[in-house]
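Colleague:
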Amino acid sequence: MTWFAVDDSAYAHPKMLKAGNAAIGLWVRCGAYCSAHLTDGIVPGAIASMYGTPPQVQKLITVGLWHESGHACPRCPQPPHGDYVMHDYLAGANFSRKQVLDRRSKAAAKKRNQRAEAENRARIDPESHANRSRNEDESSSIHRPDSDEHAGQMSVSRGDSDGTHARAFPSPPLPTSGTEREEGDRPRAQAPEALSLIPETWQPNSETIASAQSARTAAGRPVLTGSQLAEVTRKFVRRMRADRWQTTPEAAAVRWIEWAERERPTDTQQPPLLLGLPGGQTGPAWPHEQAQRRTEPRDDTWTPPTFAERMAQIDAQIAADHTRETG
2 MTWFAVDDSA YAHPKMLKAG NAAIGLWVRC GAYCSAHLTD GIVPGAIASM
52 YGTPPQVQKL ITVGLWHESG HACPRCPQPP HGDYVMHDYL AGANFSRKQV
102 LDRRSKAAAK KRNQRAEAEN RARIDPESHA NRSRNEDESS SIHRPDSDEH
152 AGQMSVSRGD SDGTHARAFP SPPLPTSGTE REEGDRPRAQ APEALSLIPE
202 TWQPNSETIA SAQSARTAAG RPVLTGSQLA EVTRKFVRRM RADRWQTTPE
252 AAAVRWIEWA ERERPTDTQQ PPLLLGLPGG QTGPAWPHEQ AQRRTEPRDD
302 TWTPPTFAER MAQIDAQIAA DHTRETG
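Plus 1 on top of the position in the sequence shown (first one is 1) and you've got this note's numbering.
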């Protein structure tokens, strides 16, 4: 990135004061344009018209901050017809086009060299590491004669006056029967359970049913009756077998709990206890319904209500609930 340099005393320079703030704004904007596009101080006429007005341009020419084509300043180049040149643009801290391009070229070459050096190091380092490791292995196998300075600390004992050397690296002891037994006693990783298609006779156990009922209660839904549990199980098995779902018993139980939790019983599946009607089933079909077993004696003379009577009872119950809620 290039910069358009403005002297820190420019705010009080006589030319700046005579030109005024509006013209100085045009001067700064066009100076930044020249620096960004490497024009060596040449301001195209179209750019001057875009950023300023003819009176502002004329003020810059009058005070000597700009020159138009045909000027007489010996230090500034001649701009093309219709363009302008900034006075002493290259005499200060602004860089010429050639200087900027040379600097960019050197920076690009430096980066290329750095990348090449990095690639060379990446190729050489593994080879050097391998050579160092091989040299260390070879040198470690050579036994150097011991001296009194290191007596008792090297591989040669004090009594080995005939030059006999102890082994630098003693052989590891052979494993004993106890070690072999310990190795054999280590538990082996269990193989994953094989997947299989869910059988047609699959049924959830009591723990699975209790988990599903607890999930429904936590979600604010009524527990399922025995017939509803049987229905959701039938649909679950049929769907899983139709999809050829390969599973394990544990995964099937988890999946069934999700089905039972989301089950929305139809009107024909609603338990009769929701209507408060007498009668009902004689006993639970599932273990979790033991707490709901009826204790009152069954009235064999009771006649089930007709459909119209049941609908009237439901409407009456809805009206009573509405009255109680609205007060």
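Where a beta carbon is used, it is the ideal one built from N, C-alpha and C, also for glycine.
Here the structure is a predicted model, which means the values were calculated and not measured.
(1) Measure the alpha-carbon distance for Q229 versus P266 and round it to whole angstroms.
(2) Quick check on S36: buried or exposed, where buried means 16 or more other Cβ atoms within 10 Å of its Cβ?
(3) What's the C-alpha gap between K16 and S106?
(4) If you draw a straight line from the C-alpha of I199 to the C-alpha of I125, how long is it?
(5) So what does DSSP say about G179, is it helix, strand or coil?
(6) In the DSSP assignment, what residue or residues form a beta bridge with V86?
(7) Determine the direct distance from the alpha carbon of V255 to that of Q214, and round the result to whole angstroms.
(8) Which of helix, strand or coil does DSSP assign to S1?
(9) Nearest to W260 by CA position, among A11, P81, T234, is which residue?
(10) In this structure, does DSSP put R263 in helix, strand or coil?
(11) If you follow the alpha helix (DSSP H) that S212 is part of, which residue opens it and which one closes it?
(12) Do A24 and G53 count as a contact pair if the criterion is CB distance below 9 Å?
(13) Within its chain, find whatever has a CB closer than 7 Å to the CB of G32; leave out the 5 residues flanking it on each side and keep chain order.
(14) DSSP has S36 in a bridge; who is on the other side?
(15) Compute the beta-carbon to beta-carbon distance between A252 and W203, rounded to the nearest angstrom, for a pair I have assumed lies under 8 Å.
(16) Between which two residues does the alpha helix (DSSP H) containing G93 stretch?
(17) Measuring alpha carbon to alpha carbon, tell me which residue in R263, A109, V101 is nearest H38.
(18) Tell me which residue opens and which closes the alpha helix (DSSP H) that D316 is part of.
(19) With C-beta atoms as the reference, is I43 less than 9 Å away from P81?
(20) Taking C-beta to C-beta, are Y85 and V64 nearer than 9 Å?
(21) Between the alpha carbons of I315 and T304, how many angstroms are there, rounded?
(22) CA-CA distance, A321 and R311?
(23) May I have the straight-line CA-CA distance separating T3 from L91, to the nearest angstrom?
(24) Return the CA-CA distance between H323 and A216, expressed in angstroms with no decimal places.
(25) So the candidates are A13, S50, L18, H14; which of them puts its Cα closest to the Cα of R30?
(26) Pull up the distance between the alpha-carbon of F308 and that of L196, whole angstroms please.
(27) Just curious, the alpha helix (DSSP H) that P200 is in, first and last residue?
(28) DSSP on T248, reduced to helix/strand/coil?
(29) So what's A73 in DSSP terms, helix, strand or just coil?
(30) Going by other Cβ atoms of all chains shown within 10 Å of its Cβ, with 16 needed for buried, is D161 buried or exposed?
(31) Is it buried or exposed, A95, if we count other Cβ atoms within 10 angstroms and call 16 or more buried?
(32) Cβ atoms of E262 and R222: under 9 Å apart, would you say?
Modeller: So, from the listed chains and residues:
(1) 7 Å
(2) buried
(3) 37 Å
(4) 59 Å
(5) Bear in mind that a pLDDT of 48 at G179, under 50, signals an unreliable position, so the number given afterwards is only what the model happens to contain. Helix at G179.
(6) I43, H68
(7) 13 Å
(8) No answer is possible for residue 1: the residues shown for the chain start at 2 and end at 328.
(9) T234
(10) helix
(11) 207-219
(12) yes
(13) F5, M87
(14) Note: S36 sits in no beta bridge, so no partner.
(15) Rounded, the Cβ-Cβ distance is 12 Å, inconsistent with contact.
(16) That residue, G93, is in no alpha helix (DSSP H); it is neither H nor E in DSSP.
(17) V101
(18) 308-327
(19) yes
(20) no
(21) 18 Å
(22) 15 Å
(23) 13 Å
(24) 28 Å
(25) S50
(26) 48 Å
(27) Per DSSP, P200 belongs to no alpha helix (DSSP H) and is neither H nor E.
(28) strand
(29) coil
(30) Any reading at D161 must be qualified, since the residue scores a pLDDT of 46, below 50, and its modelled position is unreliable; the value itself is stated next. Per the 10 Å Cβ criterion, exposed.
(31) Looking at the sequence provided, one finds Asn at residue 95 rather than Ala. By the 10 Å Cβ count, N95 comes out buried.
(32) yes
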